[in-house]
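Heads up, the sequence shown is in our numbering, so the first residue is 3 and it goes up one at a time. Where a beta carbon is used, it is the ideal one built from N, C-alpha and C, also for glycine. Because the structure is a prediction, the values reported are computed rather than measured. Comments concern the structure below.
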Amino acid sequence: MNRSTFLRRLAAFALLSALVLIPAEARKKASNPEPKAPKYVFYMIGDGMGFNEVYGAQNYNQVTGDGPEYINFTQFPVRTVITTFSASSLVTDSAAAGTALATGVKTYNGAIGVDNDHNPVNSVCYWAHQKGFGTGIATTVGVNHATPAAFFGHADNRNEYDKLATQLIEADFVDFAAGGGFLNEASKTGRDSKYFEDKAREAGIAVFHGKDQFRGLASHKGRVLCFNVDPDRTELKYAIDQKPGDTNLSDFVRAGIDYLYGHFAEKGFFFMVEGGKIDGAGHNDDAKCNIKETNDFHAAIDVVLAFYDQHPDETLILVTADHETGGLQLGNNYMMHPELLKSRSFSEDEINVKFRALAGVGSDRKPLPGRTVPTWEQVKAFLGEYIGLWNTIEVDEKQEAAFREMYHNAFELDEEEVVESLYSTSNRIVSDAIMYADRQAGYLWTHGSHTGSPLGLYVKGAVATEFNTCTDNTLIPQFIKRLANY
Ligand SMILES: [Zn+2]
3 MNRSTFLRRL AAFALLSALV LIPAEARKKA SNPEPKAPKY VFYMIGDGMG
53 FNEVYGAQNY NQVTGDGPEY INFTQFPVRT VITTFSASSL VTDSAAAGTA
103 LATGVKTYNG AIGVDNDHNP VNSVCYWAHQ KGFGTGIATT VGVNHATPAA
153 FFGHADNRNE YDKLATQLIE ADFVDFAAGG GFLNEASKTG RDSKYFEDKA
203 REAGIAVFHG KDQFRGLASH KGRVLCFNVD PDRTELKYAI DQKPGDTNLS
253 DFVRAGIDYL YGHFAEKGFF FMVEGGKIDG AGHNDDAKCN IKETNDFHAA
303 IDVVLAFYDQ HPDETLILVT ADHETGGLQL GNNYMMHPEL LKSRSFSEDE
353 INVKFRALAG VGSDRKPLPG RTVPTWEQVK AFLGEYIGLW NTIEVDEKQE
403 AAFREMYHNA FELDEEEVVE SLYSTSNRIV SDAIMYADRQ AGYLWTHGSH
453 TGSPLGLYVK GAVATEFNTC TDNTLIPQFI KRLANY
């Protein structure tokens, strides 16, 4: 589609919104009284979570028993479909999608909280605060990463992390914020996450690390930031790699509810929660990691559902996504074998760390002192242990020859090939072995970036049925504003 066709389509969309929505609104006012406004609004966003990520996880869980039989929001009473295109492309990035979901405005890819002409636009978080509601945001990635940043920040480019960190500190309309830490530009400026934490404290914001420190938030005076237990990490670990004691998204959701209900039980609150790393697993084309991220998002939503059970008439829960990542398809030659993924218990990133140890190279991929080059048999055993090849997953001759060739290049010719994705670099053998295993299991990745696929909007609670007519990502915050009286 050329640019003028695309712009015509965008204009047609805007016209359609005006034509369809306003009469619908007027009709409703004529026939029904306004529905009772929800007091507690939860806005759950799975970054990179398309339909196949959701149902691919559910398939895995049902076949293996290793996860919830139903991803909770697939059972919500209202389930509809939204479009996600941005003002610059039919395929959005997380910044334009975050801005659409937060402010109701279509903008260009890369933009945070500014419209297509770079003018700042306010978010549903801001609107809620203006009307006296409490506000919170939580994510598994950096607290100033694209999706959360769209709820408080304004930047022409999503990578302006220092600016966005400062904007969060200054955003007195955000009462509670949680994430790995502050993403930063330390490599250029020397100002790291701890620098911004100090700035936050100077501004009177309390900063807590890990769930042991999240106790007592209900009565804490002033704004709070809840971060990862490890102050050196600006994002949480992938769920699949987490160990007991590591911070997870559910910890943030519990902390946020404690804080927000503690301070705003009477008036109500708005709480945005992002499963931010489903996207990273999609960029890596890593099905098992993706499944575990989706299950982790489900677990965080279970915490919200427990709150809902206490306040069913006053709570609205929305679950959606910003875009799909990886072009995941389900099925290989009429079959799926999710059980082939069961024994894999680390992310591709973590398997790469282990592979570098076997290969005797450091994180810069340079040989370590006294390195012993692994044999092909050792590499084969490694792929069996961590990915299941030749153990639970058959490897045909052609594929084995391909792995053998990669081994030859990497270790006999010393020309290691790497596969780059948005957030990580993988050894070619590891990357291809995971891709092969996923394919045998019926999880076929089309590529390593976003797609323009439509997404699910799953809604439960007060005024849920109102969202049946919500057809595009920009309409969600507009609907929330109208229905929650922001
Ligand atoms: Zn992405």
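Under 8 Å by Cβ, that's how I've got residue i and residue j pegged, so tell me the actual separation to the nearest angstrom.
i	j	result
residue 297	residue 59	6 Å
residue 154	residue 167	With 8 Å as the limit, residue 154 and residue 167 do not qualify as a contact, their Cβ atoms being about 11 Å apart.
residue 49	residue 323	7 Å
residue 135	residue 269	6 Å
residue 212	residue 338	Residue 212 to residue 338, Cβ: 38 Å. No contact.
residue 170	residue 454	Actually they are not in contact, since the Cβ atoms of residue 170 and residue 454 sit about 30 Å apart, beyond 8 Å.
residue 75	residue 305	Wrong, their Cβ atoms sit about 13 Å apart, outside the cutoff.
residue 472	residue 82	6 Å
residue 285	residue 425	6 Å
residue 80	residue 475	At roughly 16 Å, the Cβ-Cβ gap does not stay under 8 Å, so residue 80 and residue 475 are not in contact.
residue 65	residue 341	5 Å
residue 231	residue 247	7 Å
residue 97	residue 160	4 Å
residue 485	residue 39	6 Å
Would you kindly work out how many angstroms separate the C-alpha atoms of residue i and residue j, rounded to a whole number?
i	j	result
residue 283	residue 205	35 Å
residue 388	residue 347	7 Å
residue 457	residue 398	36 Å
residue 52	residue 460	12 Å
residue 428	residue 106	37 Å
residue 100	residue 449	22 Å
residue 202	residue 249	21 Å
residue 433	residue 378	17 Å
residue 392	residue 383	9 Å
residue 117	residue 123	6 Å
residue 468	residue 329	30 Å
residue 421	residue 86	28 Å
residue 464	residue 404	55 Å
residue 335	residue 303	34 Å
residue 376	residue 46	45 Å
residue 482	residue 488	8 Å
residue 439	residue 121	47 Å
residue 193	residue 233	14 Å
residue 271	residue 175	12 Å
residue 188	residue 327	28 Å
residue 292	residue 281	8 Å
residue 73	residue 300	6 Å
residue 162	residue 190	12 Å
residue 164	residue 288	30 Å
residue 442	residue 245	28 Å
residue 308	residue 259	11 Å
residue 44	residue 400	50 Å
residue 360	residue 394	22 Å
residue 478	residue 412	49 Å
residue 333	residue 356	30 Å
residue 462	residue 41	14 Å
residue 208	residue 380	50 Å
For residue i, which of helix, strand or coil comes out of DSSP?
i	result
residue 201	helix
residue 366	coil
residue 276	strand
residue 127	helix
residue 344	coil
residue 489	Past the boundaries of the shown model lies residue 489; the chain is included only from 3 to 488, so the question cannot be answered.
residue 230	coil
residue 352	helix
residue 331	strand
residue 207	coil
residue 300	helix
residue 486	coil
residue 240	coil
residue 381	helix
residue 194	coil
residue 41	coil
residue 476	coil
residue 306	helix
residue 471	helix
residue 321	strand
Within the present structure, is the beta-carbon of residue i separated from the nearest heavy atom of ligand 3 by less than 7 Å?
i	result
residue 191	Of the ligands this structure carries, namely ligand 1, none is ligand 3.
Using a beta-carbon distance below 8 Å, is residue i in contact with chain B?
i	result
residue 132	As a matter of chain content, chain B is missing from the structure shown, which is built from one protein chain.
Should the stretch 169 to 187 be regarded as contacting the stretch 234 to 244, the criterion being three or more beta carbon pairs within less than 8 Å? Touching, yes, given that three or more Cβ pairs across the two stretches are closer than 8 Å.
With a threshold of 8 Å, are at least 3 pairs of Cβ atoms found where one atom belongs to the stretch 312 to 322 and the other to the stretch 347 to 359? The answer is no - the stretch 347 to 359 does not touch the stretch 312 to 322, with fewer than three Cβ pairs under 8 Å.
Could I get the ranges of all uninterrupted alpha helix (DSSP H) runs contained in the stretch 397 to 448, with 4 residues as the minimum, in chain order? Segments of the alpha helix (DSSP H) lying fully in the stretch 397 to 448: 399 to 409 and 430 to 443.
Taking one C-beta from the stretch 245 to 259 and one from the stretch 107 to 115 each time, how about it: are there three or more such pairs within less than 8 Å? Note that the stretch 245 to 259 does not touch the stretch 107 to 115; fewer than 3 beta-carbon pairs, one per stretch, sit closer than 8 Å.
Whole beta strand (DSSP E) runs in the stretch 59 to 125 with 3 or more residues, listed along the chain? Whole beta strand (DSSP E) segments, 3+ residues: 80 to 84.
Whole alpha helix (DSSP H) elements within the stretch 117 to 191, 4-residue minimum: The qualifying runs are 126 to 132, 148 to 151, 163 to 172 and 188 to 191.
Continuous alpha helix (DSSP H) assignments of at least 4 residues falling wholly in the stretch 247 to 296: Whole alpha helix (DSSP H) segments, 4+ residues: 251 to 266 and 280 to 285.
Determine contact between the stretch 302 to 316 and the stretch 363 to 371, defined as no fewer than three beta-carbon pairs at a distance below 8 Å. At 8 Å Cβ cutoff, the stretches do not touch.
Cβ contact (3+ pairs, closer than 8 Å) linking the stretch 137 to 150 and the stretch 276 to 290: As far as the Cβ criterion goes, the stretch 137 to 150 touches the stretch 276 to 290, which means the pair count is three or higher.
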